[in-house]
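Everything on this sheet refers to the single structure shown next.
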Amino acid sequence: MQEPRLASKTFLEIRHLTKTFPGVKALDGVSLSVQRGEIHALCGENGAGKSTLIKILSGVYPHGAYSGEILLEGKPVHFRNIREAEQAGIAVIYQELALVKEMTIGENIFLGQEPKKWGLVDWNTLYFRAGQLLEELGLHLNPRTPIKNLGIGQQQLAEIAKALSKNARLLILDEPSAALTENEVKILLRLLHQLRERGVTCIYISHKIGEVLSIADRVTVLRDGKSVGTATIKELDEHRLVAMMVGRELSDFYPFEPSQPSETVLEINGLTLYEPGNDRRVVKSASFQIRRGEILGISGLMGAGRTELLMGIFGVWPGRREGKIFLNNQALQIRQPQDAIRAGLGLMSEDRKRFGLVLQHSVAKNITLANLRKIAPKNILDENFEGRFSNRLVEELGIRAPSIHHEVNTLSGGNQQKVVLAKWLLTEPAVLFLDEPTRGIDVGAKFEIYQIMNQLVRDGVAVVMVSSELPEILV
Amino acid sequence: MSHRILVLHEGEITGEFSCEEATPEKIMLAATGQSPMVENQ
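Sequence lines, in order, name chains A and B.
With my numbering applied, the first sequence corresponds to residues 10 to 484, in that order.
With my numbering applied, the second sequence corresponds to residues 76 to 116, in that order.
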C-alpha cells in the first residue's frame with residue numbers, strides 16, 4: 010500500500026495557546042497541529058478566536074503576550090515581531106490587501122528586497138524574476154502592470170506571488186475569497202492545490218462552508234476561543250461542519266416557523282421594467298400578492314431580475330416602468346424611495362456597504378437614517394431621541410458594538426447587517442423586502458437574522474426575501 | 076425559511092409554490108425556464 014502523501018510530518022504544532030485581553034479570553038487553551046503540505050482550514054464564527062490565533066502565529070502579538078507553545082518543525086519558536094515570523098517562512102495574506110496600488114506587480118513582489126546591481130535596483134532582473142514567478146504560479150499577468158489596473162482577485166494572487174518570493178513555507182490566507190468572483194475563486198483554489206504539490210503548507214480561514222469543503226484537507230473549528238476539534242474532510246459534510254461551528258444541529262439552524270398568512274397587504278399587478286435607454290425588459294409583467302404574516306421567498310438564477318423587481322417596487326429603478334401596485338387595495342404611486350418608505354415599505358439592499366450604510370457614520374446615525382422625522386420632532390435633531398431609539402434596537406437585535414457612537418465600519422459583517430435591519434425596523438414597515446439578507450455573514454449572525462424575520466412575521470409584517478441560497482429559501 | 080416561494084426566470088415569474096409543495100428540483104426547473112407554467116403560456 011502506498012504511504013499517504015500528507016501523513017509525512019507535522020509542520021506546525023500549537024499547544025495550549027491562551028491569549029487574554031482585558032475582560033475577554035480570546036483564546037483559551039487551543040491546541041492544533043498542521044501537517045506539512047496540507048491545506049488546513051480554520052473555521053469559526055466572528056469572535057471565535059481565528060484572528061487572534063493568526064496574529065500570534067505571524068508575530069503581531071509577540072512572544073510573552075500569550076501563553077502556550079508554538080513548534081515549527083518540532084522546534085519551539087518565539088517570534089518577537091512580524092519580521093521574525095516572516096523569516097521563519099510564515100506569510101499572512103489579509104483580507105485588506107497590503108500592496109502599493111501605484112506600483113507595478115513586479116515592484117510590489119520585490120518591495121524591500123529588490124535585486125541590486127552596483128547599488129542600484131536591477132530592473133531587468135526584477136521583472137525577469139517576477140515574470141518567472143507569475144508563470145510558475147500559472148498566472149498570466151504582466152509584471153509591469155500597475156496593481157491599480159488589476160481586479161481585486163488578481164491583486165490577491167499577486168500578493169500570494171509576493172509571499173512566495175520570500176520563500177514562504179506557511180501561507181495563511183485570511184478570508185481570501187470574501188471579495189472574489191466565482192471565477193477568481195476557482196483560480197485561487199487551483200493555485201493553492203499547486204502550492205500544496207510544492208510542499209507549501211496553507212492555513213485557510215473562511216466561513217464559506219462550500220469553499221472549505223472543496224479545498225481543505227482538514228478543518229479545525231474554533232468556538233468561543235476554544236478548539237471544538239479537527240476533522241478530515243472525509244468525515245465532514247455541510248451539516249456536520251455547521252453544527253461544529255454553531256454548536257447545534259442544522260435542523261435547528263433554519264428556525265422555520267409555520268404561519269397562517271392572512272390578508273393581502275401588497276399587490277403587484279403587471280410590473281414591467283425596461284432597461285434604461287432601451288426596450289429590453291428585465292422584468293416582464295410580474296403579478297403577485299404579498300400577505301400579512303408570511304415570508305415570501307424569491308428564488309432564481311443570477312440575472313433573473315430579482316433585485317430589479319424589488320427596485321421597481323421601491324421606486325429606485327432607473328428605467329421605464331409599467332404596472333400597478335396596491336397597498337391594502339389602494340393604488341400606490343411610488344416615484345421615489347421616500348414614497349415607498351412613507352407607504353410602509355422597506356428595502357434592505359444586497360450591497361449593504363454601498364446602499365445600506367454610511368460606513369463612516371455611527372451606529373446611531375445609521376439606525377435613524379431612514380427615519381429622521383422620528384428623532385427630529387420639530388425638524389431639529391434630538392440626540393436624546395436618537396440615542397433612545399438606537400439603544401433599544403441595538404438591544405433588541407443583539408447588535409454587538411462597543412457603543413452606538415462607534416462607526417459601523419468597525420463592526421463585523423453580521424452586525425453591520427443588523428444595523429441595516431434596525432434602520433428599517435425603526436420605520437415600522439408593513440412590508441420589508443430583504444435582498445440577500447445573509448450574504449457574506451457568519452452562521453451565527455445568519456441564525457439571528459432568521460430569528461428577527463420570524464419575529465417580524467409574528468408581529469404581522471410581510472417579509473419578502475430574495476436569496477440565492479436554496480436551503481435558506483426552502484428549509 | 077419561506078412560507079411561499081416565487082421563482083423568476085429572465086424577468087418572468089415561472090413558478091409559485093407553497094412551502095409544502097416546493098422541492099429543490101421544482102425550483103431549479105422553474106429557475107431555468109423549464110416549468111410547465113412557461114410551456115402553457
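Ideal placement from N, C-alpha and C gives every residue a C-beta, glycine not left out.
| Query | Result |
| --- | --- |
| Please classify Pro152/A as buried or exposed, where buried requires at least 16 other C-beta atoms within 10 Å of its C-beta. | buried |
| According to the neighbour-count rule (16 or more other Cβ atoms, all chains shown, within 10 Å of its Cβ), is Phe30/A buried or exposed? | exposed |
| Would you call Ala74/A buried or exposed, if buried means 16 or more other Cβ atoms sit within 10 Å of its Cβ? | exposed |
| Should Arg229/A go down as buried or exposed, given a rule of 16 or more other Cβ atoms within 10 Å for buried? | Here residue 229/A turns out to be Thr, not Arg, going by the sequence shown. Answer is buried; the Cβ neighbour count reaches 16. |
| Relative to the C-alpha of Pro346/A, which candidate in Asn338/A, Leu356/A, Gln339/A and Asn337/A has its C-alpha closest? | Leu356/A |
| Measuring straight from C-alpha to C-alpha, what distance separates Gly234/A and Pro71/A? | 19 Å |
| Whose CA, out of Gly328/A, Glu54/A and Ile118/A, lies closest to the CA of Thr154/A? | Ile118/A |
| Nearest by alpha-carbon distance to Ser42/A: which of Asn55/A, Ile23/A and Gly56/A is it? | Ile23/A |
| Would you decide whether Ser93/B is buried or exposed? Buried here means 16 or more other CB atoms lie within 10 Å of its CB. | exposed |
| If you check the beta carbons only, do Gln298/A and Glu276/A fall under 7 Å apart? | yes |
| Select from the segment 306-317 of chain A all residues with a C-beta closer than 7 Å to any C-beta belonging to chain B, and list them in chain order. | Gly306, Ile307, Ser308, Gly309, Leu310, Ala313, Gly314 and Arg315 |
| Quick check: what's the CA-CA separation for Pro267/A versus Ile196/A? | 42 Å |
| Roughly how far, in whole angstroms, is the beta-carbon of Met311/A from the beta-carbon of Cys52/A, given that I think they are within contact range, below 8 Å? | Wrong, their Cβ atoms sit about 26 Å apart, outside the cutoff. |
| Would you say Ala313/A and Ile88/B are within 7 Å of each other, going by their C-beta atoms? | no |
| Contact defined as beta carbons within less than 8 Å: I believe Val475/A pairs with Phe265/A. What is the distance between those atoms, to the nearest angstrom? | Between Phe265/A and Val475/A the Cβ distance is about 18 Å, and since that is not below 8 Å, they are no contact. |
| For the 8 Å Cβ check, are there 3 or more pairs between the segment 360-370 of chain A and the segment 423-433 of chain A? | yes |
| Buried or exposed: which applies to Trp326/A, given that a residue is buried once 16 or more other Cβ atoms fall within 10 Å of its Cβ? | buried |
| Mark Gln163/A as exposed unless 16 or more other C-beta atoms lie within 10 angstroms of its C-beta, in which case mark it buried. | buried |
| By alpha-carbon positions, which one of Leu62/A, Ile99/A, Thr19/A and Gly140/A ends up nearest to Glu82/A? | Thr19/A |
| Give me the residue from His370/A, Leu250/A and Ile334/A with the minimum Cα distance to Thr419/A. | His370/A |
| Following the continuous alpha helix (DSSP H) through Arg344/A, name the residue where it begins and the one where it ends. | No alpha helix (DSSP H) contains Arg344/A, which DSSP labels as neither H nor E. |
| DSSP three-state label for His202/A, please. | helix |
| Helix, strand or coil: how does DSSP classify His216/A here? | coil |
| Taking only beta-carbon positions, decide if Lys293/A is within less than 7 Å of chain D. | No chain D appears in this structure, whose protein chains are A and B. |
| For chain A, is any of its Cβ atoms less than 7 Å away from the one on Ser77/B? | yes |
| Please give me, in chain order, every unbroken run of the beta strand (DSSP E) with length at least 3 that falls completely inside the segment 216-286 of chain A. | 227-232, 235-241 and 273-283 |
| Along the beta strand (DSSP E) that carries Lys333/A, what are the first and last residues, could you check? | Arg330 to Leu336 |
| Among Gln96/A, Leu26/A, Gly32/A and Val33/A, whose alpha-carbon lies nearest the alpha-carbon of Ile63/A? | Leu26/A |
| Going by DSSP, what residue range makes up the beta strand (DSSP E) through Ala295/A? | Arg290 to Arg300 |
| Shorter than 7 Å from the beta carbon of Leu479/A to some beta carbon of chain B? | yes |
| In this structure, does DSSP put Gly453/A in helix, strand or coil? | helix |
| Taking 7 Å as the CB-CB cut-off, is Glu95/B touching chain A? | no |
| According to DSSP, is Arg153/A part of a helix, a strand, or is it coil? | coil |
| Residues of chain B with CB closer than 8 Å to the CB of Phe555/A, please, in chain order. | Residue 555/A lies beyond the residue range present for chain A, which begins at 10 and ends at 484; the question has no answer from this structure. |
| How many angstroms separate the CA atom of Gln425/A from the CA atom of Glu405/A? | 15 Å |
| Within its chain, find whatever has a CB closer than 8 Å to the CB of Glu12/A; leave out the 5 residues flanking it on each side and keep chain order. | Bear in mind that the predicted position of Glu12/A carries a pLDDT of just 42, short of 50, making it too unreliable to give a figure here. |
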